[in-house]
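When we follow the UniProt record's numbering, the leftmost residue of the sequence shown carries the number 1, and every step to the right adds one. Don't be surprised by glycine CBs; every beta carbon is placed ideally from N, CA and C. Source: prediction; values computed, not measured.
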Amino acid sequence: MVKRQMKSSTRDDGEINILNENGKRPAEDGSKENKKRTRIKNLYRQPTAKELNRLNETENLFNSNLFRLQIDEVLEEVKLTEKTTKRFTIWFNSFREYLLSITEDNVEYDLSEKTLTKYLKTSLPVCEELNKTKAIFQFHKFKDINIVGSFDTGTAINASLLVDLQISVPAETYTKNDSINYRFHKKRAAYLAFIASYLQKSNLVEELKYSWCNMCVTKPVIDLKPSGKLGNYLKVRLNLVCDEEAYKLHRFSPGRNNLRESWLLSEKQENVTEVGPPTPYYNCSVLSDITANINNNFVKEILSNCENLKQAIILLKIWLRQRKLCVSGHIISLLVCCLVQMKRINNIMSSYQIIRNVWIYLKTSKWDTEGLSLCKSEDSPHIEQFLEHFPVVFLDKTGYYNICWQMCKGTYNALRRESELAVDMLDSTKLNSFIPLFMVPISNLIQFDHIVRFQNLQKLKTLVLQRVPKEDKINFGVDELPLVVNNIYKLLTKGLTDRADLILQFVETDFSWPVKKTPEKCKDVGFEEKLSFGLILNSANAIKIVDKGPQANLPEAEQFRLFWGDKSELRRFGDGSHVEACVWNADTFSERRAISTQIVDYLMKLKYDIPQSEIFHICNQLDTLTARKMAACEQSEELSVKVLQTFEELRRDMRALTQLPLEISAVYGTSSVFSYSNPLPPLPSTSDPRAWRRASTCLIKPPQEDKKLFLPPYTQANKAVIELSHSGKWPGEIEAFRCLKAAFHLQISERLTSQYSLPSQAYPTHIDVIKNGLSYRLEIFHPKEVTLLRREVEDGVVKFKESEESIRIQRDTFLLASLRGALHGLHQRHSAFGPTACLFKRWLSSHLLSPPHFPATLAELLTATVFLQPEPLTPPTQPTVGLYRVLQLLVQTDWATQIIFLDFNGDMTREEIMEIEQKFSNRTEEDPVMCIVTSYDGSMPSIWSSSAPSKQVATRAQVLAKATLAYVEKALLKDSNDNLLPAFVPSYSGYDVLIHLNAAIVPYFNERVDARPKLPATIDVTNDVIPVLEFNPVEKYLEVLRSAYDEFALFFYDTYGGDVIAVLWKPHVNDTREFQITNAHALVPIEGSDKKFKVNIEAIIEDFKILGEGIVKDVLTNS
């Protein structure tokens, strides 16, 4: 075949296309299209063997595919970069070479004198209590310096990286008798000072300081910052250990004494030979150095070539760090190695399976009663000996050293409790457990219901040490703080019993100082030790008023009386028993939740003579905001209970009404008071004795006797819906339906008055009735009314379509009644829910974000989230802590990508949730900004946030919440200031106009945050007239403003006693406009132009005054 010469054609746009002999473009011209086809084809190709293996692994070894992806991502995120590792390796080689060039010193120094410090020009890192220890020291050069810890085993985390370096002090440095009276520790400090003195001359180190290792004042280390850019990424800790040959391990058995009483408790040191009580704590401070190399080698051997074990340890360290648990990575590594040795985990398992098995083991572990040991030898001491002296026991490979010698029992209980919560989260099918487990940091303020903080720690130490047994003093030696912490922990545990699920100490003593100074001099300048205890209260037991003890005739009764002192008294109970008991003073729910503060104050005064003024309780600082100041500061819970009790009586009466066409089958409350979440519950009202004030036909009365205008006091109506028995005779037209409903209202009102003598008034839309001084507004609800409102007729065809009115009626009656019942049940399970919702509403309103900007029901649902989905925590017991968590939820939730599901009774199926999530992923700008779906929403998910808040209001709320949390944390944890009311004071700086109201017109003006409580003037008159209900002049004024000027401005107001309306102009208010009939409202022509107009702001401000005559005191433009 003869090929024709290829032709070329040139297009107008200059593009050259070469055609082949068939007049088509060559294949390479379609390369992009071919690549696209290949890509699409690859999507549907069969999976490779590698991909199948990975899918199989994910199915068998991980919780879910998403969980695996998240683990992979977080491990990649915390992994050390190659650049940092390379830089450190180069620096360490130079550092090692420099340190190995140190020369041996043959001079012997008397450490009781200052000869060594003058020679080295550095101080010895020892506390002044060790100055009386006599020892002769000679510096013997070490053989090598090694990298140990997480960096060496490949389990390091790049955030706040601290690389551990270790030097083994030669055995000849110590003598046989150096094990007693801190001679070992003083020589160790001298050896460290030698190295510090040499490092001062190096240009490899930018900063050089001493610090205590794990807060132990006899274990100094060197913390240094590498010079150059490396110092920005990590710090280095240089620690000293001891050669294994230096001492025989049995010398430090838990039953041996190595700290003499005469040395510790007398000023003069004498050469005495008496042997005192066992000193296992002191012994472990020496053993930690002797056994370090053995344990490090054991961990390194187990973890070598075991990537899954390393990944699991990294994940566990992240988990511990997020919970701020003082459990070192070394303990976790040894635990994982121990479980490998016990064959409970292995390297074949995935990292997910390993951490799950670790948590399952920890939650059932008994280190406090049975202990755990890595040692299989029978020559080591029996574990029972350790359990006699240590609260937590975990023995190392030698069997002599308790790895948890510094761990308080509170820390272990917290570790066990958090492990149990972690397993529960993993087992939850409706929760993506990865986020709460590894990504959510937990602060003490958010976690604990009650924090006990000691103001004067030095005085506390002195008073506690005066009362501890001599054996304990000798055991702990100069480490006074751990001894004080252990004794107070035991006291609180015994005193609080089952009131607290967890008691955890947190000590703030991170202290480092320059190598040329002594620790005592540096402590005098700005350093302060702080000791606190966090309590997680048991919601059922924390509110007990009586603590029952043993029966009076038992031997334990004497111990009970001895412990409680004068508080213990013999009491007879309803079951006929005579027992010792302690009774605490608490009348209200708020006081009962705070009984733990009474117990702590009483015990600290009784046992250690610590006055109440020196103990700062972070517990119930905001309880004053849930009290009605016009009702002698009675708490909202007690007032709500009265409303509910009266409502129960009314409901019983209504269901027993006779001579009605249809029986009343049920009555459901819809007001927030029925779920205990009304910050200011209604008070019983009384009829005024002056007849001219008692008529209900006029709101503001003309002057009669006292020559003053009379405004009726604001009276809330407790709203409820009535459900009638089934009937098929309801009309099919909406007007006829409503007429029949009005007739029912008339008949029910008549029967209430005639049958029970209750004052009632019927209206077309509702019934007002008063019982026990409380007003209730009842409305009949029938599903057919919603159906009729949806009904439309187009071209003779009947269609059903949602309308604004149908949605409103269904939401405010049927849906709200169901939701209110669920929230009421939630309060019954968690008694802090109601007060927490009240606090959150007060906070929103105080910052002028009250409804309609932020719906009240939405605020309650946000609060419910904290109790229904508290992970990684448990539901709070204190309302104040509940508020902090709601604010944190508001701040941390990304409302653009996250949706909250509230399934009160477990009714929502996975398919329903996935369907809503699918719709949420395709959301538009018209959809709610904050999406909270409940199991009662039906066909209208997130109905409670459909109209508000706007994006701007939601952002404003988040900013305010973040600022409030920062203020509260600083006030409570740093300044020990329990006045948190400034967090509820609004800022008016960002608003354009401020409308000041007449205080006499403002409802709840006496309930303001800064108002003083006062007793109401009550008049003992029978209620025979229904008061004016729901008449709020300020709200009416706001309705007028919003309807008239909503186009130009937003209006903000504090519903609970605010006397200022803040006005914010919308951004386009200053834009020039063209005159049109449809938008001619409030316009004024611009000077020099006939066609351009602008909004007449001055006239609008003047309108504010005119419309608010009698209500408005002044209108100010905010500059």
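*Hey, is residue 464 close to the ligand FMN, as in C-beta under 7 Å from one of its heavy atoms?*
The model on display carries no ligand, and the ligand FMN is accordingly not part of it.
*Can you give the beta carbon distance from residue 210 to residue 133, rounded, assuming they're within the 8 Å contact cut?*
With a Cβ gap of about 18 Å, residue 210 and residue 133 do not count as contacting.
*CB-CB under 8 Å to residue 177, same chain, minus the five flanking residues each way: which ones, in chain order?*
Setting aside the 5 residues that flank it on each side, residue 177 is surrounded in the same chain by 183, each with a C-beta closer than 8 Å to its C-beta; the list follows chain order.
*What's the C-alpha gap between residue 1035 and residue 642?*
Going by the C-alpha atoms only, they are around 27 Å apart.
*Tell me, to the nearest whole angstrom, how far the beta carbon of residue 1052 is from that of residue 887; I am working on the premise that it is less than 8 Å.*
In fact, because the Cβ distance is near 19 Å, the residues do not count as touching under 8 Å.
_Just to confirm my understanding: we take residue 491, look at its own chain, exclude 5 residues before and 5 after, and list those with CB closer than 7 Å. What are they?_
Taking residue 491 as the centre and dropping the five residues before and after it, the same chain places the C-beta of 603, 607 closer than 7 Å to its C-beta, in chain order.
*Which word fits residue 884, buried or exposed, when buried means at least 16 other C-beta atoms lie within 10 angstroms of its C-beta?*
Label assigned to residue 884: buried.
*In whole angstroms, what separates the C-alpha of residue 1046 from that of residue 965?*
Rounded to whole angstroms, the gap between the alpha carbons of residue 1046 and residue 965 is 32 Å.
*asked:* To the nearest angstrom, how far is the alpha carbon of residue 738 from that of residue 994?
replied: Those two C-alpha atoms are separated by around 43 Å.
*Apply the 10 Å Cβ neighbour rule to residue 296 and answer buried if 16 or more other Cβ atoms are within range, or exposed otherwise.*
It is buried - the Cβ of residue 296 has at least 16 other Cβ atoms within 10 Å.
*Pairing CB atoms from the region 363–374 with CB atoms from the region 432–450, are three or more of them under 8 Å?*
In this structure the region 363–374 does not lie against the region 432–450, because fewer than three pairs of beta carbons, one per stretch, are closer than 8 Å.
*Between the Cα of residue 549 and those of 568, 533, 309, spot the shortest distance and give me the residue it belongs to.*
When C-alpha distances from residue 549 are compared across 568, 533, 309, the shortest belongs to 568.
*Starting from residue 778, follow the beta strand (DSSP E) in both directions and report where the run begins and ends.*
Taken as a continuous stretch (DSSP letters only), the beta strand (DSSP E) holding residue 778 covers 774–780.
_Beta-bridge partners of residue 162, as assigned by DSSP_ = According to DSSP, residue 162 bridges with 235.
*So does the region 617–628 actually touch the region 970–985, counting three or more Cβ pairs closer than 8 Å?*
In short, these stretches touch, since the Cβ pair count reaches three.
*Write down every uninterrupted run of the alpha helix (DSSP H) in the region 1032–1077 whose length is 4 residues or greater and which is fully enclosed by it, in chain order.*
Fully enclosed alpha helix (DSSP H) runs of 4 or longer: 1033–1045.
_With a threshold of 6 Å on Cβ separation, who are the neighbours of residue 717 within its own chain once the five nearest residues in sequence on each side are excluded?_
For residue 717, the CB contacts under 6 Å within the same chain, skipping 5 residues up- and downstream, are 775, 777, 1029, 1030 in chain order.
*Mind checking which residues open and close the alpha helix (DSSP H) that includes residue 1178?*
With the chain running from 1 to 1119 in the structure shown, residue 1178 is simply not present.
*How many Å lie between residue 445 and residue 530 at the Cα?*
Whole-angstrom Cα-Cα distance: 15 Å.
*Using DSSP with H/G/I as helix, E/B as strand and the rest coil, what is residue 596?*
In the structure shown, residue 596 sits in a helix (DSSP, three-state: H, G or I).
_Alpha carbon of residue 1114 to alpha carbon of residue 631, nearest angstrom_ = Taking the straight line from one Cα to the other gives about 31 Å.
*When the Cα atoms are used, what is the spatial distance from residue 333 to residue 215?*
Looking at the two C-alpha atoms, the distance is approximately 21 Å.
*Report yes if the C-beta distance between residue 930 and residue 858 is below 8 Å; otherwise report no.*
Yes, these two residues count as a Cβ contact at 8 Å.
_Extent of the continuous beta strand (DSSP E) to which residue 568 belongs_ = Segment 568–572, the beta strand (DSSP E) holding residue 568.
*State the Cα-Cα distance for the pair residue 879 and residue 839, rounded to the nearest angstrom.*
Between residue 879 and residue 839, the C-alpha separation is close to 8 Å.
*For residue 528, which of 154, 480, 455, 539 has the nearest alpha-carbon?*
It is 455.
*How long is the line joining the alpha carbons of residue 386 and residue 286, rounded to whole angstroms?*
Taking the straight line joining both Cα atoms gives about 16 Å.
_Contact under 8 Å by Cβ, residue 902 with residue 934_ = Yes, the pair counts as a contact, with Cβ atoms nearer than the cut-off.
*Close beta carbons around residue 1104, own chain, < 8 Å, minus the five adjacent residues each side*: Excluding its 5 nearest sequence neighbours in each direction, residue 1104 has C-beta neighbours in its own chain below 8 Å: 993, 995, 1041, 1063, 1112, 1115, listed in chain order.
*Quick one: what does DSSP say residue 771 is sitting in, helix, strand or coil?*
Strand, per DSSP.
*What does residue 242 pair with, by DSSP beta-bridge criteria?*
BP columns for residue 242 point to 169.
*asked:* Just to confirm, is the Cβ distance from residue 646 to residue 682 under 8 Å?
replied: Their beta carbons are not under 8 Å apart, which means residue 646 does not touch residue 682 by this criterion.
*Under 8 Å between C-beta atoms, does residue 1058 make it to chain B?*
The chain inventory of the structure shown lacks chain B, comprising one protein chain alone.
*When DSSP labels each residue in this structure, what does residue 564 get in the three-state scheme?*
Secondary structure at residue 564: helix, using DSSP grouped into helix, strand and coil.
_Residues near residue 583 by beta carbon distance below 6 Å, same chain, minus five either side_ = These residues qualify, in order along the chain: 546.
*Assign residue 207 to one of three DSSP states: helix, strand, or coil.*
Looking at residue 207 - three-state DSSP - the assignment turns out to be strand.
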